[in-house]
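First the structure, in the form of structure tokens, and then the observations on it.
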Amino acid sequence: MDARHEARKLALSVVFAWAFLSKDTQVDKALSVELLGISEFNSDIYNKIYRKTMEHIYEIDALIQESAPEWPVDKIAKIDLACLRIAISELKFVKEAPIKVVIDEAIELSKEFGSDNSGKFVNGVLGNIAAKL
1 MDARHEARKL ALSVVFAWAF LSKDTQVDKA LSVELLGISE FNSDIYNKIY RKTMEHIYEI
61 DALIQESAPE WPVDKIAKID LACLRIAISE LKFVKEAPIK VVIDEAIELS KEFGSDNSGK
121 FVNGVLGNIA AKL
């Protein structure tokens, strides 16, 4: 598997766990690596995405709310919210991958871990946000 994809998957898992379990991200990261069976990932990409997501979480959530006003952030499925958070972080703050790559990765992760409608929802919200960037 692509090390960049695995880094995004790990960031997704830790951001998701942060919303539920603990605030000890080192434990969440170690558990995520083990549970997801990630043997190799791009730690630079992971660290940038995770750090920027957590630094700007409130700004990111405000962008989500603005782009999906009919869906309050606290009502969005937690896995979809985590996908959106890491993708927006990568689009707005990390800015290393092309917009299309970031959106495609977020859609793939949401399809892999979310519901049947997650991919469409994530695509719609990110499309709205990307148009404003």
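The sequence shown: position 109 = 109 (UniProt numbering), numbered continuously.
Glycine is no exception: its CB is placed at the ideal position from the N, C-alpha and C atoms.
Model, not experiment: these values are computed from the prediction.
query	result
Range of the contiguous alpha helix (DSSP H) that encloses Ala68	Element bounds for Ala68: n/a, residue is neither H nor E.
Sequence-distant residues of its chain with Cβ nearer than 6 angstroms to Trp18 (five each side left out)	none
Assigned secondary structure, Ile103 (DSSP; H/G/I helix, E/B strand, else coil)	helix
Ile79 beta carbon less than 8 angstroms from that of Phe113	yes
Check whether Ala97 and Cys83 have beta carbons under 8 angstroms apart	no
Contact check, Ile86 vs Ala130, beta carbons under 8 angstroms	no
Buried versus exposed call for Gly124 [16 or more other C-beta atoms within 10 Å across all chains shown]	exposed
Counted within 10 angstroms of its Cβ, other Cβ atoms place Leu126 as buried (16 or more) or exposed	buried
8 angstroms contact criterion, which Lys3 and Tyr50 should meet: CB distance rounded	With the sequence shown as reference, residue 3 is identified as Ala, and Lys is not the correct amino acid for it. At roughly 15 angstroms, the Cβ-Cβ gap does not stay under 8 angstroms, so Ala3 and Tyr50 are not in contact.
Same chain, Cβ closer than 8 angstroms to Ser43, five either side skipped, listed in chain order	Ala7
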